[in-house]
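In numbering that gives the first Met the number 0, the protein residues as written are 0 to 224.
First up is the structure itself, then whatever we jot down about it.
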Amino acid sequence: MIGRNCKRLRQRAGMTQEELAERLHVTRQAVSAWETEKNRLDAETLVVLAEALGADVQELLYGPGVVQAPFARYQRRYRVCAVVCAAVVIAWLVMEITLKPYLARQIARTYIPYPGMAYFLAVPALGVLGLGCLIPSLASLWVDIRVRSIPVRRVLLALGLVGLCYYLVWLTIYLGLWPDFLYDLKPMQFLVQHWFIPLFTGDHELFRLGPLFFSGGFLFLALNR
Numbered sequence: 000m001i002g003r004n005c006k007r008l009r010q011r012a013g014m015t016q017e018e019l020a021e022r023l024h025v026t027r028q029a030v031s032a033w034e035t036e037k038n039r040l041d042a043e044t045l046v047v048l049a050e051a052l053g054a055d056v057q058e059l060l061y062g063p064g065v066v067q068a069p070f071a072r073y074q075r076r077y078r079v080c081a082v083v084c085a086a087v088v089i090a091w092l093v094m095e096i097t098l099k100p101y102l103a104r105q106i107a108r109t110y111i112p113y114p115g116m117a118y119f120l121a122v123p124a125l126g127v128l129g130l131g132c133l134i135p136s137l138a139s140l141w142v143d144i145r146v147r148s149i150p151v152r153r154v155l156l157a158l159g160l161v162g163l164c165y166y167l168v169w170l171t172i173y174l175g176l177w178p179d180f181l182y183d184l185k186p187m188q189f190l191v192q193h194w195f196i197p198l199f200t201g202d203h204e205l206f207r208l209g210p211l212f213f214s215g216g217f218l219f220l221a222l223n224r
């Protein structure tokens, strides 16, 4: 591992083995032996080699790029994200107190359900999604919670998209966007009876909107580099 890191750092510095050997006052064969790990480096040589490569000893041990600047608190991108998400959540809460009762009264008086249905389908979903994103964005103002591993970020991105698809599937069934023949299939009828209809009632909002909360957090972690 150290030999491979040494080679990568030497190439990053634009040096040949001969040039590095000249700086260290050793032979090219000695440098080649380090890079192929035929010879092991002692602590003192590690320090001298790192200085010659313009790198940190930790980069020799663990790989180029592992040494990063300290995490800066209150970064602008996190402030903007937190403000936007907080605005979405506050707007949702305000509408729950004011607009939702008003729409209910309008439906009772006019028997026109569309404004209330639009609110029911869109506003709580956006509010919960914003809340899921707000929590990690606030945490990022003080603590570095970035996920370094690319495979883990991909998993988080997939989980976030699954949460979105969970709600979008329910929404498309409600809007009747699926081909008519699918609704005649027994699996689809089972899905509608045991999943769609229960989630349509107010008593099951946690199961309908809960995945969106986790989706917001997962997507933030996946996209936050």
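Just so it is clear, CB atoms sit at the ideal spot from N, CA and C, and this is done for glycine as well.
Rounded C-alpha distance that separates residue i from residue j
i           : j           : result
residue 2   : residue 24  : 18 Å
residue 92  : residue 58  : 49 Å
residue 17  : residue 26  : 8 Å
residue 164 : residue 205 : 16 Å
residue 95  : residue 101 : 10 Å
residue 6   : residue 43  : 18 Å
residue 226 : residue 169 : With the chain covering only 0 through 224, there is no way to say anything about residue 226.
residue 196 : residue 173 : 9 Å
residue 33  : residue 149 : 29 Å
residue 108 : residue 120 : 21 Å
residue 155 : residue 224 : 13 Å
residue 203 : residue 60  : 53 Å
residue 140 : residue 77  : 6 Å
residue 84  : residue 49  : 44 Å
residue 123 : residue 14  : 59 Å
residue 28  : residue 62  : 22 Å
residue 210 : residue 181 : 25 Å
residue 0   : residue 39  : 11 Å
residue 47  : residue 41  : 10 Å
residue 187 : residue 193 : 10 Å
residue 185 : residue 75  : 52 Å
residue 128 : residue 110 : 30 Å
Range of the contiguous alpha helix (DSSP H) that encloses residue i
i           : result
residue 39  : It is not in any alpha helix (DSSP H) - residue 39 carries neither H nor E in the DSSP assignment.
residue 88  : 75 to 96
residue 145 : Careful: residue 145 lies outside any alpha helix (DSSP H) and carries neither H nor E.
residue 122 : 113 to 138
residue 16  : 16 to 23
residue 181 : 179 to 182
residue 215 : 204 to 222
6 Å CB neighbourhood of residue i in its chain, flanking five on each side removed
i           : result
residue 207 : 198
residue 137 : 81
residue 152 : 146 and 221
residue 70  : 143
residue 4   : 59 and 62
residue 79  : none
Contacting residues, own chain, Cβ-Cβ under 7 Å from residue i (five flanking each side not counted)
i           : result
residue 126 : 87, 88 and 91
residue 159 : 214, 217, 218 and 221
residue 106 : 112 and 115
residue 66  : Residue confidence for residue 66 is low, a pLDDT of 49 falling below 50, so the modelled location carries little weight; the figure read from the coordinates is stated next. Around residue 66: 55, 57 and 58.
residue 98  : 118
residue 243 : The chain is shown only over 0 to 224; residue 243 falls outside these bounds and no answer can be derived.
Residue i classed as buried or exposed, judged by whether at least 16 other C-beta atoms fall within 10 angstroms
i           : result
residue 144 : exposed
residue 9   : buried
residue 73  : exposed
residue 189 : exposed
residue 166 : buried
residue 175 : exposed
residue 231 : There is simply no residue 231 to check, as the chain begins at 0 and stops at 224 in what is shown.
Chain-order list of residues whose beta-carbon lies under 8 Å from that of residue i (same chain, five-residue window excluded)
i           : result
residue 51  : 19, 22 and 23
residue 191 : 172 and 182
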